[in-house]
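Colleague: Provided herewith is a single structure, encoded as structure tokens, for subsequent inquiry.
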Amino acid sequence: MGHTETPLRPASARRSRSLKGDIRIPGDKSISHRSFMFGGLASGETRITGLLEGEDVINTGRAMQAMGASIRKDDDTWIIRGVGNGCLLAPEAPLDFGNAGTGCRLTMGLVGVYDFDSTFIGDASLSRRPMGRVLDPLRLMGVQVQAGPGDTLPTTLHGPRAPAPISYRVPMASAQVKSAVLLAGLNVPGVTTVIEPVMTRDHTEKMLKGFGATLDVETAADGVRTIRLEGRGTLSGQSIDVPGDPSSTAFPLVAALLVPDSDVLIRNVLMNETRTGLILTLQEMGASIEILDPRQAGGEDVADLRVRTSELKGVTVPPERAPSMIDEYPVLAVAASFANGETMMAGLEELRVKESDRLAAVARGLEINGVDCTEGEDWLSVRGRPDGKGLGGRTKEAVVNTWLDHRIAMSFLVMGLASEYPVYVDDCGIIATSFPEFMDMMTGLGAEISQS
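Quick note on my numbering: the sequence shown kicks off at 43 and runs consecutively.
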């Protein structure tokens, strides 16, 4: 039942002369996960272009296949024949999500209320991550849960014969928890209600409506959102063109800001307002990010970004911005390492429960590469060196521990492109979970990145 671990693949990055090019970022990870899930659940055919073909998303597709969906690829289009809402089949073996926290937690919601056993496993990193935030509302719906210590994987769920809808106030800013409850509600009679005090990425709501679910969202004057979903309705297959992932965009974007004489055009980037916190923050820091041809695609805002080398200054990032850029704080901390003055980031408690304890992993990585920083319980401050002097690993023993976290690996490889000394990471293989093209795309722009 364990997940097979692969050997670590060390890598390094060194100061680069310039980055230039015209690139298209792979599809958004959040939308790609949901495309496989909703397509596998809907009646009829769903066709997906632009899907992110990283390991995390493919594992979600395999889970949907294990529960009855037919999934195949024809040229650049993924074609899914779904089972119909309420008609998932009991998986014959444990569902192995590898490193995919989003796929695992959302699928727990989707299948947990069914009256059969479903078992969830993952790699060493995912097996350490807390699942209680999703399991707690499922328990309220009558789901029986068998889990590892502290509600970790492996976890087995068995739904009740007569699931009951709930009204659930999400206790933290988490799109995964919100989405898991809504997806559970798809197979529950009556109306499932989710109350969200702080708005998080809203792809689940938008896509469920697109597939035909009866769902409405009410936003109060204080910003609290109430989402109501009518259960056991019909979902119908759709055509989806997945826009470029803003979280993956962050890496070439920050690299282009930091490496001298850089000018990079990044095409077809998702600009959903719940995902653009990093761009806003970098612009406040003085970044030259030009937003070109803003447009709509598949119900989402997208645009092209022209990014040029910029002199950055330290800022205080408001904590309420965290939900719109939670995955981008590691690479923001790298950008702050080259800014003039101090950058203060607060409201970061969610970073403690990502693929790694990202807050600690970032702080240790910065320290080992000579950055002046201070880590708090839910905050990080970074005092930058605009010239990169003294930054990087002075010896090959100064290696960043990525903790099986793809974003830690990519962030510190970006750092090495502008620091005085090279930056070494213990593993670049994990990058394939979300951005398999990263190494080739970056070296194609002129980045000096290599496997050790």
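Note that beta-carbon positions come from the ideal geometry of N, C-alpha and C, so glycine has one too.
Count the other CB atoms, across all protein chains shown, that sit within 10 Å of the CB of T234; report buried if there are 16 or more and exposed otherwise.
Modeller: That one is buried.
Colleague: Where in the region 328–371 do unbroken runs of the beta strand (DSSP E), each at least 3 residues long, occur, reported from the N-terminal end onward?
Modeller: You should have 330–339 and 342–350.
Colleague: From D469 to S330, what does the alpha carbon distance come to, in whole angstroms?
Modeller: Cα-Cα distance, rounded: 31 Å.
Colleague: Classify N382 as helix, strand or coil using the three-state DSSP reduction.
Modeller: N382 falls in the strand class under three-state DSSP.
Colleague: Helix, strand or coil for I67? Go by DSSP, reduced to three states.
Modeller: Three-state result, I67: coil.
Colleague: Determine the closest residue to E134 out of D159, C146, T256 and S476, with distance taken between C-alpha atoms.
Modeller: If we check each option's Cα against that of E134, D159 comes out closest.
Colleague: Where does A166 land, buried or exposed, given buried means 16+ other C-beta within 10 angstroms?
Modeller: Exposed is the call here.
Colleague: What's the call for A204, buried or exposed, on a 16-neighbour Cβ count within 10 Å?
Modeller: Label assigned to A204: exposed.
Colleague: Got a sec? Which residues, its chain only, sit under 7 Å from P344 by beta carbon, not counting five neighbours each side?
Modeller: According to the sequence shown, residue 344 is Val rather than Pro. Contacts found: P285, N310, V311, L312, M313 and R337.
Colleague: Tell me the rounded alpha-carbon separation between A108 and V359.
Modeller: Those two C-alpha atoms are separated by around 43 Å.
Colleague: Suppose you measure from the CA of M481 to the CA of I473; what does that come to, to the nearest Å?
Modeller: If I take the Cα positions, the gap works out to 9 Å.
Colleague: In angstroms, rounded to a whole number, what distance separates the CA positions of T149 and E342?
Modeller: The straight-line gap from Cα to Cα measures roughly 23 Å.
Colleague: Is the region 258–271 in contact with the region 287–304, if contact means three or more CB pairs nearer than 8 Å?
Modeller: No, they do not touch.
Colleague: For G495 and R243, I'd like the C-alpha separation in whole angstroms.
Modeller: The question about residue 495 has no answer, for the chain in this structure spans 43 to 494.
Colleague: Using the Cβ count rule (16 or more neighbours within 10 Å means buried), how would you classify S494?
Modeller: Exposed, by the Cβ-count rule.
Colleague: Assuming contact is defined by CB atoms lying nearer than 8 Å, are F162 and L131 in contact in what I supplied?
Modeller: Result no, Cβ atoms of F162 and L131 do not sit closer than 8 Å.
Colleague: What runs of the beta strand (DSSP E), each 3 residues or longer, lie entirely inside the region 224–302?
Modeller: For the region 224–302, whole beta strand (DSSP E) runs of length 3 or above, ordered along the chain, are 233–238, 257–261, 267–272 and 281–283.
Colleague: Between G44 and G164, what straight-line distance do the alpha-carbon atoms span, to the nearest angstrom?
Modeller: Confidence is the limiting factor: at G44 the pLDDT is only 37, short of 50, which leaves the residue's position unreliable, though a coordinate-based value still follows. G44 and G164: Cα-Cα distance of roughly 7 Å.
Colleague: Report, in whole angstroms, the separation of the C-beta atoms of T246 and S85, which I expect to be a contact under 8 Å.
Modeller: Not really, about 19 Å apart at Cβ, beyond 8 Å.
Colleague: Per the DSSP calculation, T194 is bridged to which residue(s)?
Modeller: BP columns for T194 point to G190.
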